[in-house]
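**Q** In this note's numbering, the protein residues as written are 2 to 146.
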């Protein structure tokens, strides 16, 4: 399971012109689910996202995690994160989870996040989404479990 996390001052996701998720300061996490992923990997990734030190402390150093700053977490499924791009000019998706497994694990991630963190917003699995963000920094990291 992969998460491309971006520290944002705000982010939102729209489906069919309707805003379905929005956060102010926090993390936008684009989530890719791979074929061999498990609920345990999803939980490990969540803990990494909540505690990864990407927010500045009083000295301006990236020493604080989302759990400490209590910012928002916007989770958006993005199957293209698991693409194999090593060869050729067309991405391969053989390592991606099936849509059913991907949705099940993404929903598990959401449920765990809602239990562990106060502000959790989401996109809609499988939907054509428009994601807007103001990347703060910019600060972007790829996390894997």
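All C-beta atoms, glycine included, are put in the ideal place defined by N, C-alpha and C. Since the model is a prediction, treat every value here as computed from it, not as a measurement.
Check this for me: beta carbons of residue 70 and residue 33, under 9 Å apart or not?
**A** Cβ atoms of residue 70 and residue 33: not closer than 9 Å.
**Q** I'd like the span of the beta strand (DSSP E) that includes residue 141, first residue to last.
**A** Unbroken beta strand (DSSP E) run through residue 141: 130 to 145.
**Q** Which first and last residues belong to the beta strand (DSSP E) in which residue 111 is found?
**A** From DSSP, residue 111 is part of no beta strand (DSSP E) but of the alpha helix (DSSP H) over 100 to 117.
**Q** Where do the ends of the beta strand (DSSP E) carrying residue 122 lie?
**A** First-last of the beta strand (DSSP E) with residue 122: 121 to 123.
**Q** Would DSSP call residue 80 helix, strand or coil?
**A** Helix at residue 80.
**Q** Look at the alpha carbon of residue 119 and the alpha carbon of residue 73, and state the distance between them as a whole number of angstroms.
**A** The straight-line gap from Cα to Cα measures roughly 8 Å.
**Q** Would you say residue 31 and residue 106 are within 9 Å of each other, going by their C-beta atoms?
**A** It is not a contact, given that the beta carbons lie outside the stated cut-off.
**Q** To which residues of the same chain is residue 42 closer than 6 Å at the C-beta, ignoring the five residues directly before and after it?
**A** Excluding sequence neighbours, residue 42 sits near 2, 146.
**Q** So within the segment 35 to 100, which uninterrupted alpha helix (DSSP H) runs reach at least 4 residues, ignoring any that extend past its ends?
**A** Those alpha helix (DSSP H) runs which fall completely within the segment 35 to 100 and span 4+ residues are 40 to 52, 67 to 70.
**Q** In whole angstroms, what separates the C-alpha of residue 130 from that of residue 51?
**A** If you take the alpha carbons of residue 130 and residue 51, they lie about 24 Å apart.
**Q** Near residue 55, which residues of its chain fall below 6 Å by C-beta distance, leaving aside the five closest residues on each side in sequence?
**A** If we look at residue 55 and ignore the five residues flanking it on each side, its Cβ neighbours are 8, 63, 140.
**Q** How far does the beta strand (DSSP E) with residue 127 in it reach, from first residue to last?
**A** Taken as a continuous stretch (DSSP letters only), residue 127 belongs to no beta strand (DSSP E), as it is neither H nor E.
**Q** Alpha carbon to alpha carbon, how far is residue 111 from residue 40?
**A** Rounded to the nearest angstrom, the two C-alpha atoms are 11 Å apart.
**Q** Kindly indicate the opening and closing residues of the beta strand (DSSP E) around residue 11.
**A** It spans 3 to 16 - the beta strand (DSSP E) in which residue 11 sits, taken as one unbroken run.
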